[in-house]
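Asks:
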Amino acid sequence: MCYFDHQLWPCGWWKWGSFRGQCPKEYRTGETCGLKLIYNTYLEPQVCKHCEQIYKKQRRVAKMAEDVKRWRCEGNRRATVEKTEREMMELNLQINQLWTEHEIRRHAINY
Ligand SMILES: [Zn+2]
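So that you can map any letter, position 21 of the sequence shown is 21 in my numbering, and since no number is skipped, the others follow by simple counting.
(1) Go to Asn40, then tell me how far its beta strand (DSSP E) extends in each direction, as first and last residue.
(2) Using 6 Å as the cut-off, classify the Cβ of Val47 as near or not near the heavy atoms of ligand 1, replying yes or no.
(3) Candidates Asp67, Glu74, Glu103, Trp16: which alpha carbon is nearest Thr84's?
(4) Is Arg20 helix, strand or coil by DSSP?
(5) Under a three-way DSSP split, which group does Gln7 fall into?
(6) Whose C-beta lies closer than 7 Å to the C-beta of Arg106 among residues of the same chain, with five residues either side of it excluded?
(7) Taking DSSP as the reference, what is the three-state secondary structure of Trp13?
(8) Work out the CA separation of Gln22 and Glu90 for me, nearest whole Å.
(9) If we ignore side chains and look at the alpha-carbon of each, how far apart do Trp9 and Leu98 end up?
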């Protein structure tokens, strides 16, 4: 067991930080035994990069949805509406993917 710093984001994302010390079981200099223990947890003030990306994409989707609504009322932008709706679908898929990765990391014990 070797000791590492640990960074934790309020959204549950986390990652290992710097190596802090070897345990008595590990005798090879500069090596770690593979089992990580938390030396110190540092709380990050903001949501993680992953969440930032998700929020950014969600804002884009929300804006597109408003545009589509407006264009539908105007009634003469069918091609643009279809194109935007396809982009929205693509973005929603990406959001789902990012969110799944985020949840996997949140619940993972070791990474
Ligand atoms: Zn996050």
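Just so it is clear, CB atoms sit at the ideal spot from N, CA and C, and this is done for glycine as well.
Quick caveat: nothing in here was measured; it's all calculated off a predicted structure.
Replies: Considering the structure as presented:
(1) As a position in the sequence shown, residue 40 is number 40, starting the count at 1. 36-43 is the span of the beta strand (DSSP E), which, as asked, contains Asn40.
(2) By one-based count along the sequence shown, residue 47 stands at place 47. Yes, the beta carbon of Val47 sits closer than 6 Å to at least one heavy atom of ligand 1.
(3) The count along the sequence shown starts at 1 and reaches residue 84 at position 84. It is Asp67 whose Cα lies nearest to the Cα of Thr84.
(4) Position 20 of the sequence shown, counted from the start, is the residue given in the question as residue 20. Reduced to three states, the DSSP call for Arg20 is strand.
(5) As a working note, residue 7 is residue 7 in the sequence shown. Gln7 falls in the strand class under three-state DSSP.
(6) Position 106 of the sequence shown, counted from the start, is the residue given in the question as residue 106. Correct list, in chain order: Gly12, Trp13.
(7) Counted from its first residue, the sequence shown places residue 13 at position 13. In the structure shown, Trp13 sits in coil (DSSP, three-state: anything other than H, G, I, E or B).
(8) The sequence position of residue 90 within the sequence shown is 90, counting from 1. The sequence position of residue 22 within the sequence shown is 22, counting from 1. Near 46 Å, if we compare the C-alpha coordinates of Gln22 and Glu90.
(9) Taking the sequence shown and counting its residues from 1, the one referred to as residue 9 is at position 9. Taking the sequence shown and counting its residues from 1, the one referred to as residue 98 is at position 98. Looking at the two C-alpha atoms, the distance is approximately 16 Å.
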